[in-house]
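Peer 1: Protein sequence lines correspond, in order, to chains A and B. According to the UniProt record's numbering, the first sequence is numbered sequentially starting from 1. According to the UniProt record's numbering, the second sequence is numbered sequentially starting from 1.
2 protein chains.
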Amino acid sequence: MPPDIAPVEMSKAYRLINHGPTVLVSARHAGIDNVMAAAWACALDYAPPKLTVVLDRSSYTRKLVEQSGQFVIQVPTVAQAELTRAVGRSSLADDTDKLAHCGVELFDLADHDLPFVKGCSAWLACKLIAEPHNQQAYDLFIGEVVAAWADTRVFRDGHWHFEDADPSLRSIHHVAGGNFYAIGDLLPAKL
Amino acid sequence: MPPDIAPVEMSKAYRLINHGPTVLVSARHAGIDNVMAAAWACALDYAPPKLTVVLDRSSYTRKLVEQSGQFVIQVPTVAQAELTRAVGRSSLADDTDKLAHCGVELFDLADHDLPFVKGCSAWLACKLIAEPHNQQAYDLFIGEVVAAWADTRVFRDGHWHFEDADPSLRSIHHVAGGNFYAIGDLLPAKL
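1. Could you check whether the Cβ of residue 180 of chain B sits closer than 9 Å to any Cβ belonging to chain A?
2. Quick one: what's residue 113 of chain B bridged to in DSSP?
3. Can you check whether the C-beta of residue 73 of chain B is within less than 9 Å of a C-beta belonging to chain A?
4. Is the stretch 128–140 of chain B in contact with the stretch 145–158 of chain A, if contact means three or more CB pairs nearer than 8 Å?
5. Under a Cβ-count criterion, where at least 16 other Cβ atoms within 10 Å of its own Cβ denotes burial, should residue 39 of chain B be classed as buried or exposed?
6. Does the beta-carbon distance from residue 23 of chain A to residue 53 of chain A come in below 9 Å?
7. Does the beta-carbon of residue 192 of chain A have 16 or more other beta-carbons within 10 angstroms, so that it is buried, or is it exposed?
8. For the alpha helix (DSSP H) that contains residue 99 of chain A, what are its first and last residues?
9. If you drop the 5 nearest sequence neighbours on each side, which residues of the same chain put their C-beta closer than 7 Å to that of residue 32 of chain B?
10. Below 8 Å, how does it come out for the stretch 8–26 of chain A and the stretch 73–92 of chain A: are there three or more Cβ pairs, yes or no?
11. Roughly how many angstroms lie between the CA atoms of residue 171 of chain A and residue 88 of chain B, to the nearest whole one?
12. Express the C-alpha separation of residue 187 of chain A and residue 175 of chain B in angstroms, rounding to a whole number.
13. Would you mind telling me which residues of chain A sit closer than 9 Å to residue 7 of chain B, beta carbon to beta carbon, in chain order?
14. Ignore the nearest five residues each way along the sequence and tell me which others in residue 159 of chain B's own chain have a CB closer than 6 Å to its CB.
15. Opposite residue 18 of chain B in the DSSP bridges: which residues?
16. Helix or strand or just coil, what does DSSP make of residue 28 of chain B?
17. Do residue 41 of chain B and residue 14 of chain B have their C-beta atoms within less than 9 Å of each other?
18. For residue 46 of chain B, go through chain A and note every residue whose CB falls closer than 9 Å to its CB, in chain order.
19. With burial defined as no fewer than 16 other Cβ atoms inside 10 Å of the residue's Cβ, what is the status of residue 137 of chain A: buried or exposed?
20. Assign residue 119 of chain B to one of three DSSP states: helix, strand, or coil.
21. Starting from residue 146 of chain A, trace the beta strand (DSSP E) both ways and give me its first and last residue.
22. Using a Cβ-Cβ distance cut-off of 9 Å, determine whether residue 102 of chain B contacts chain A.
23. Determine, for residue 82 of chain A, whether the minimum Cβ-Cβ distance to residues of chain B falls below 9 Å.
24. Listing by chain order, which chain B residues have their CB less than 8 Å from the CB of residue 160 of chain A?
25. Do residue 155 of chain A and residue 62 of chain A have their CB atoms nearer than 9 Å?
26. Within the same chain, show all residues whose beta-carbon is closer than 6 Å to that of residue 183 of chain B, passing over the 5 residues directly before and after it, in chain order.
27. Label residue 36 of chain A either buried or exposed according to how many other C-beta atoms from any shown protein chain fall within 10 Å of its C-beta, with 16 as the threshold for buried.
28. Along chain A, which residues have their Cβ under 8 Å away from the Cβ of residue 164 of chain B?
29. If we count the other Cβ atoms within 10 Å of its Cβ and call it buried at 16 or more, is residue 180 of chain A buried or exposed?
30. Would you say residue 52 of chain B reaches chain A, if we count a Cβ-Cβ gap shorter than 9 Å as a contact?
31. Looking only at its chain, what residues have a beta carbon closer than 7 Å to the beta carbon of residue 178 of chain A, apart from the 5 residues adjacent to it on each side?
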């Protein structure tokens, strides 16, 4: 496990994606790992935590998710904007060395046979909840979060701390055509 | 129609929520209007544009959506952070004057019998695509976007322009407990 990574309580896992970041989706099946970018991922429930993600039928990662029944949703950083664009542009179907060409390095976490992307700020290991109608009609997949971790430099004690972390650790929010906005200033609740 | 509002092409409508803002959901049925906050809204398709939104079964707005088969997703601004917290905290079931107490003003748009919230930066009028299993099992609602508008001070020519608009017009991204982050700096695609 890289330094600075700590588990996140299940009751706080939704907070890792509640602010709407673009995410990386990774999956593994039969010795094949892949990673894609997804702007269309969203929390769905608190306990147990669930989420939705839209996986286009042309994506290789979707096949790995369908075959293995599990996947990782991870939150890329400003420092990974180009990596995120790159994995969104290319397909493992066309480039068997896609991950290396995109600068993706993977790491393992004990008890989870899943590929985790180095350098992200948060990781949610998910078990697919099979909903064939949603998957076929809408490319919509539902996952139950079974474990989560975050980089403690930017998420700790159940809260994001973008405002006092290095700006390169901020989450990125895709609009279109490779243009992202970084997350910005904190607007704290008035107490 | 308030000044500065212009229609958004259907092919660009997904961009209004692609960066993951917290939204306001409004609906009308039998003379009753209501507005709620939702962090769990997400694009689902491009053409026709569709989106998902999670509506808790305790919310009054959900009943109006189920009864009328339509709703509005709108993007509140930094200036509306307190309004967004307020509509998220209170229910029309407990306070029949909720909207006034929360500072919500509504306006009409021709050809749409729906309540639109003044002061937002974008509005997506949606027709409910009934999916009873998703609605019952997951509180997950699917809408097809039938028309969209944006405040041209911050979204025009199919693009957000947060970087050169007044900061009070930035979108807000809820984490938990009334704490939001505003959207931040542009990370343009390298050409």
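In this text, a Cβ means the ideal position worked out from N, Cα and C, and glycines have one as well.
Peer 2: On the basis of the data shown:
1. yes
2. Answer is none; residue 113 of chain B lacks a bridge partner.
3. no
4. no
5. buried
6. yes
7. Summary: the structure shown does not reach residue 192 of chain A, with chain A confined to residues 1 through 191, and so no result is reported for it.
8. 98–101
9. 64
10. yes
11. 24 Å
12. 10 Å
13. Result: empty, since nearest Cβ-Cβ is about 18 Å, beyond 9 Å.
14. none
15. DSSP lists no partner for residue 18 of chain B.
16. strand
17. no
18. Per Cβ cutoff of 9 Å: no residues; residue 46 of chain B is ~10 Å from chain A at best.
19. exposed
20. coil
21. 140–151
22. no
23. yes
24. 175 and 181
25. no
26. 162, 170 and 171
27. buried
28. What residue 164 of chain B touches in chain A: nothing, since even the nearest Cβ is about 13 Å away.
29. buried
30. yes
31. 85
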